[in-house]
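Novice:
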Amino acid sequence: MEYKEDGHYIKKVLDGETNAYAFLVNKYKSMVFSLALRMLRNREDAEEVAQDAFVKAYQSLSQFRGGARFSTWLYRIVYTTAISKMRRSSKEVYSINDAEVEEKESAEISDVYYQLKESERKKFLDIVLEKLDPDENFLVTLYYYKEKELDEIAQITGLTKNNAKVKIFRARQKMMNMLKNYLKEELIELL
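At position 164 of the sequence shown the residue is numbered 164 (my numbering), and the sequence of numbers has no breaks.
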């Protein structure tokens, strides 16, 4: 079956053909779930947020003006729904203390990282990504994995473009420090 532009299905839904919304859900369900999971780090919560986000999007579809892409609008709904879920839950988010790594050790660690196979590098990146705060994780995911532009990230999160850029930069630095610590431990274990 050939998919048409999102606007086609939105118009059908608004014209009373509610079954057309299933096309939008099918198109974006994995993206919505993966973003919710990145923020919440809990499969059940992410499923709940994804479902709530689709319901909210459906109920608010008449408010979608098309100033941004539908996916951007939907990302924003997922983001705010996940934030609300985190605020309602009493789960604590643990912060990671960045450890100082000397320059000599840093060079050795970088060598170790680049000697690893791609699958091992991905494993370490996934580990440190999961240790970021949910907001940082979400921003890094949008920028690096979903390849969203800063303007779109700003629309999604409600941050300014510069604030989003700074937060992504800081999250990346945090990831590098954590990665250095993990690789330092790996290097010590190998020796």
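Glycine included, every Cβ here is placed at the ideal spot set by N, Cα and C.
Evaluate residue 81 with the Cβ neighbour count: other Cβ atoms within 10 Å of its Cβ, from every protein chain shown; 16 or more gives buried, anything less gives exposed.
Specialist: Label assigned to residue 81: buried.
Novice: Count the other C-beta atoms from every protein chain shown that fall within 10 angstroms of the C-beta of residue 55, then say buried if there are 16 or more, exposed otherwise.
Specialist: Its Cβ having fewer than 16 others within 10 Å, residue 55 is exposed.
Novice: Please report the residue range of the alpha helix (DSSP H) in which residue 192 lies.
Specialist: Given that the chain is displayed from residue 1 to residue 191, the structure contains no residue 192 and the question cannot be resolved.
Novice: Out of 45, 53 and 175, state which residue places its alpha-carbon closest to the alpha-carbon of residue 73.
Specialist: Per the Cα distances, 53.
Novice: Enumerate in chain order the residues of its own chain whose CB-to-CB distance from residue 199 is below 8 Å, with the five nearest sequence positions on each side excluded.
Specialist: What is shown of the chain runs 1 to 191, which leaves residue 199 out entirely.
Novice: On the three-state DSSP scale, how would you describe residue 67?
Specialist: Correct three-state label for residue 67: coil.
Novice: Does the distance from the C-beta atom of residue 124 to that of residue 35 stay below 9 Å?
Specialist: Result no, Cβ atoms of residue 124 and residue 35 do not sit closer than 9 Å.
Novice: Return the chain-ordered list of same chain residues with a C-beta closer than 7 Å to the C-beta of residue 12, the five sequence neighbours on each side being excluded.
Specialist: Excluding sequence neighbours, residue 12 sits near 20.
Novice: Per DSSP, what kind of secondary structure is residue 16 in: helix, strand or coil?
Specialist: Here residue 16 sits in coil by DSSP.
Novice: Since residue 21 is in the alpha helix (DSSP H), which residue starts that stretch and which ends it?
Specialist: Per DSSP, residue 21 belongs to the alpha helix (DSSP H) from 21-40.
Novice: Locate the alpha helix (DSSP H) running through residue 144, then write down its first and last residues.
Specialist: Note, residue 144: premise wrong, no alpha helix (DSSP H); not H, not E.
Novice: If you draw a straight line from the alpha carbon of residue 70 to that of residue 6, how long is it in whole angstroms?
Specialist: Roughly 7 Å separates the two Cα atoms.
Novice: Please name the residue in 135, 180, 171 and 159 whose C-alpha comes closest to that of residue 41.
Specialist: It is 135.
Novice: Within this structure, are the beta carbons of residue 39 and residue 75 separated by less than 9 Å?
Specialist: No, they are not a contact pair.
Novice: Quick one: residues in its chain with C-beta nearer than 8 Å to the C-beta of residue 172, no 5 flanking neighbours on either side, listed in chain order?
Specialist: So the list reads 140, once near-sequence residues are dropped.
Novice: Can you tell me where the alpha helix (DSSP H) holding residue 152 begins and where it ends?
Specialist: First-last of the alpha helix (DSSP H) with residue 152: 150-157.
Novice: Residue 131 and residue 178 look like a contact to me (Cβ under 8 Å); what is the Cβ gap, rounded to whole Å?
Specialist: Indeed they touch by this definition, with Cβ atoms about 6 Å apart.
Novice: Looking at the secondary structure, which residues open and close the alpha helix (DSSP H) in which residue 47 lies?
Specialist: Taken as a continuous stretch (DSSP letters only), the alpha helix (DSSP H) holding residue 47 covers 43-59.
Novice: With 9 Å as the threshold, decide whether the Cβ of residue 22 is near any Cβ in chain D.
Specialist: No chain D appears in this structure, which consists of one protein chain only.
Novice: Can you tell me the Cα-Cα spacing of residue 89 and residue 66, whole angstroms?
Specialist: So the alpha carbons of these two residues sit roughly 33 Å apart.
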